[in-house]
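Structure first, commentary second.
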Amino acid sequence: MNFGLKLWSTNADVIDKAACLIKEDVFQYIELTPIPNTEIDPFLKQDVPYVIHITTERHGFNIADESKWDFNIQVIDECIEWADKLNAKYLVLHPGFGSIDKSLDFLQMIDDDRILIENMPKIGLYDEQMIGYSPEQIESLMGSKFGFCLDLNHAVKAAISLRLDYKDFISEFMELNPSYFHIADGRLNYEKDEHLAIGKGEYDFEFLKNLMRFANNTQVTFETPRMDLNSFSDDIRNMNILNQISTNR
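Every letter in the sequence shown is one number past the one before it in my numbering, and letter 61, counting from 1, is 911.
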């Protein structure tokens, strides 16, 4: 299992620390989200493995919004340019909120087989109707062109909204053969996205780790809180906790 550190392009001040942890093999790659109007140069200086997470709805990006398609294309093109320059293995993409048909139409315009479609909660932070919350929707969005990033936290949240057993629901997602994962802990009585440290919520990480163990070339990015933005000690603590969890079932 390879573990990744999550950074945004506004975190240029800590890229040297992050790169040291990669070179020491504490973590194995950086998942980097390019934020509009930031520079790639600090990240080019570090010869480490990257994955790009395409800019999200926090910055106005939504592939289901037809009125924003020109902006969305511009954002994706810029992220692809970053991925090319950083030799990134994957680009992770949120499928948006609103109409899945609009998202499917938009994806017809995109052609890069490094793109992984990420599953989402059913209900957004502001009560949006999210796209890609079920295995059926993800399979449709992937089509024959794209791969799959399984966000385990999002899957649990969608299961809560749908009143389904989250373990059975995640097992259905696993049939789509993800090899890239996002993890965080959370509560089982709250359907909206949250990112708790491993062990601070209610998820069964023995079960989740056991599932990830059987994926091919598993890459796992921690989406857990960082109390000190200049330190990765919380990431290391979360990784150590996950490593100590037994998968003997």
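Using N, Cα and C, we set each Cβ at its ideal position, and we do this for glycine too.
Residue i, DSSP secondary structure in three states
i               : result
leucine 1079    : coil
isoleucine 885  : coil
leucine 966     : strand
leucine 991     : helix
histidine 1004  : helix
arginine 1099   : Bear in mind that the predicted position of arginine 1099 carries a pLDDT of just 48, short of 50, making it too unreliable to give a figure here.
valine 901      : strand
asparagine 861  : helix
methionine 1024 : helix
leucine 1046    : strand
aspartate 977   : coil
alanine 933     : helix
aspartate 1035  : strand
isoleucine 818  : Nothing about residue 818 can be read from this structure; the chain reaches only from 851 to 1099.
asparagine 1067 : coil
Residue closest to residue i, alpha-carbon to alpha-carbon, out of the options
i               : options                            : result
isoleucine 1086 : Ala868, Pro899, Ala862, Ile973     : Ala868
aspartate 962   : Arg1037, Phe877, Ile902            : Ile902
valine 942      : Ile1010, Lys1050, Ser1029, Met851  : Ser1029
alanine 1008    : Gly993, Ser1083, Lys995, Glu986    : Glu986
alanine 1047    : Lys952, Tyr1053, Ala1034           : Ala1034
asparagine 1027 : Leu1012, Phe1057, Ala1065, Val1006 : Ala1065
glutamate 889   : Asn1039, Leu936, Met1062           : Leu936
aspartate 977   : Asn922, Asp1043, Asn1039           : Asp1043
tyrosine 900    : His944, Trp919, Ile930, Val1006    : Ile930
serine 1096     : Asn922, Met1062, Ser859            : Met1062
valine 1006     : Leu855, Met851, Ser984, Leu957     : Ser984
methionine 992  : Tyr940, Ala938, Leu957             : Leu957
serine 859      : Glu928, Asp920, Asp875             : Glu928
serine 949      : Asn912, Asp875, Phe921, Asn922     : Asn912
valine 1070     : Ile865, Asn861, Phe877, Asp866     : Phe877
lysine 939      : Asp920, Leu1038, Arg964            : Arg964
C-alpha gap between residue i and residue j, whole angstroms
i               : j               : result
arginine 1099   : histidine 1045  : At arginine 1099 the pLDDT is 48, less than 50, meaning the model places this residue with poor confidence; the figure from the coordinates comes in the next sentence. Near 27 Å, if we compare the C-alpha coordinates of histidine 1045 and arginine 1099.
isoleucine 1020 : glycine 1036    : 15 Å
tyrosine 879    : alanine 933     : 13 Å
leucine 857     : aspartate 863   : 11 Å
serine 1083     : methionine 1089 : 10 Å
aspartate 897   : leucine 1014    : 43 Å
leucine 1054    : glutamine 1094  : Residue identity differs from the one stated: residue 1054 is aspartate in this sequence, not leucine. C-alpha separation (whole angstroms): 14 Å.
isoleucine 904  : methionine 959  : 16 Å
glutamine 979   : alanine 914     : 11 Å
leucine 871     : aspartate 951   : 42 Å
glutamine 924   : lysine 873      : 33 Å
glutamate 916   : aspartate 875   : 43 Å
lysine 972      : proline 945     : 12 Å
leucine 855     : aspartate 920   : 31 Å
asparagine 861  : methionine 851  : 25 Å
glutamate 1022  : tyrosine 1016   : 10 Å
aspartate 1018  : glycine 974     : 22 Å
isoleucine 988  : glutamate 1025  : 11 Å
serine 1081     : isoleucine 865  : 11 Å
Residue i vs residue j beta-carbon contact at 8 Å
i                  : j                 : result
isoleucine 926     : phenylalanine 947 : no
histidine 1032     : asparagine 1067   : no
serine 1011        : glutamate 1052    : no
serine 990         : leucine 954       : yes
phenylalanine 1072 : phenylalanine 853 : yes
lysine 1050        : leucine 1092      : no
Give a yes or no on contact between the region 880–889 and the region 1075–1082, applying the rule of three or more CB pairs nearer than 8 Å. no
Count the C-beta pairs between the region 987–1004 and the region 953–969 that are closer than 8 Å, then say yes if the count reaches three, no if not. yes
Would you check if there are 3 or more beta carbon pairs closer than 8 Å linking the region 887–895 to the region 908–926? no
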